Amino acid sequence: MLVAGLNFALMGVFVKWGAQDFSASELVFYRSLFGMLFLLIVARQPLGAYATVHWLRHLGRSLSGLISLWLYFLALAHLPLATAVTLNYTSPLFLAAILRFTHPHDSRPGLLGLLGLGFGGVILLLQPHLTPQQWSYAGIGLLSGMGAGLSYAQIRSMAHLGEPDWRVVFYFTTLSTVVTGLALPFQPAHAWSLHSLGILAGLGLFATLGQLTMTRAYRTGVTLVVANLAYGTIVFSTLLGMVFFTEHPAPTTWLGIGVVILAGVGSSLWRSSLPARSLPAVAEGSGDTPPPPRPLE
């Protein structure tokens, strides 16, 4: 999950660069389009491998992911960046709430406490604040976190059904490309250049790598541990902001980084004390059922 966090943080860098030339809707479209094309190249699966008997579950996961992404971009357009990101990163807490009702055996009190600690670190890290006029968009940002939590729970469910990582991501990027592509004619057009093409390609590349590694993490790890390590995206984003945008974090930001790291280390130690969770084991790369579980660390 830490690898996924780094990829998503790098994706954020390309989003920030791309926002200078493209609208949020265009970035969502190109993120999905380049991600889908990249996945088709690296997956190299026969045509029959794309078929699935769980297409309704793929549809539900893809729709919840796309809606969450759209809501997230809408919140970003009307809220301070720190506030929007913080609200979106309530997704692990929503995931924990979902698992509390659907899989009580995974809702371990110790891990729930670490999730709360991690979110507290996110608040320190981002120092969010709202004005009275922004509460409606804050609700939208919160809904994006809820949608992301639902999407992650659906990924977990499909893992037990044997859906491979690449196919989950393929259906998500394909549906996102089609839906946002249909909306493009109603958006102001922007010209392309080699510079902007490179930015869009990088955006799609790191988004897809993030999706693949995140899906693998949720399939093979303890769900709430993986959700806790997702906070690493905020840490990576802060460091990349210093490198690429000369941002200088405040002391409370560094304190937040420490809290987030503490929560991640705590969840890793908890993971090492638990027996491995078994999933159907097949040869790596078969594309039909998940590979044997691997240690999260």
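Using my numbering, read the sequence shown as starting at 640 and increasing by one per residue.
Cβ atoms here follow ideal geometry from the backbone N, Cα and C, with glycine treated the same way.
A quick note: this is a predicted structure, and the numbers were derived from the prediction, not measured.
Asked, Found
"Same chain, Cβ closer than 7 Å to K643, five either side skipped, listed in chain order", "Strictly speaking, residue 643 in this sequence is Ala, with Lys absent from that position. Counting only Cβ-Cβ distances below 7 Å, and skipping sequence neighbours, we find G849, T852, M853 and A856."
"CB contact flag (L764, V898, <9 Å)", "yes"
"Candidates G699, M675 and L702: closest to Y689 by CA position", "M675"
"Own chain partners of S876 with C-beta closer than 6 Å, once the 5 adjacent residues on each side are dropped", "A648 and G651"
"Terminal residues of the alpha helix (DSSP H) in which L814 lies", "D804 to A822"
"For E665, three-class secondary structure by DSSP", "helix"
"Proximity of G784 and M640 at Cβ, strictly below 9 Å", "no"
"CA-to-CA distance, A721 to M881, given in whole angstroms", "15 Å"
"Simplified DSSP assignment, three categories, for G801", "coil"
"Residue environment, G752, which counts as buried when at least 16 other CB atoms sit within 10 Å", "exposed"
"A822 burial status per 10 Å Cβ neighbour count (16 or more: buried)", "exposed"
"Segment contact flag, the stretch 678-692 with the stretch 805-813, C-beta cutoff 8 Å, min 3 pairs", "yes"
"Near the ligand ADP: H799 beta-carbon under 8 Å from a heavy atom", "No copy of the ligand ADP appears in this structure; indeed no ligand is present at all."
"CA nearest to the CA of S815, picked from L686, A830, G657 and R700", "R700"
"Environment of T859 [buried if 16+ CB atoms lie within 10 Å]", "buried"
"Of the listed residues I762, L868 and I873, nearest to G905 (C-alpha basis)", "L868"
"Neighbour-count burial assignment, P919, 16 or more Cβ in a 10 Å radius", "With a pLDDT of only 37 at P919, under 50, the local geometry of the prediction cannot be trusted, and the value read off the model is given with reservation. So P919 counts as exposed."
"Test item: CB-CB of L839 and Y711 under 9 Å", "no"
"Cβ distance (whole Å) where Q773 is taken to contact L718 below 8 Å", "6 Å"
"Close-in-space but distant-in-sequence residues of the same chain around F845 (CB under 6 Å, 5 per side omitted)", "N646, L649 and M650"
"Expected contact under 8 Å - CB spacing of L714 and G780 to nearest Å", "Contrary to the premise, residue 714 reads as Ala rather than Leu in this sequence. A714 to G780, Cβ: 4 Å. Contact."
"Check whether S703 and S796 have beta carbons under 9 Å apart", "no"
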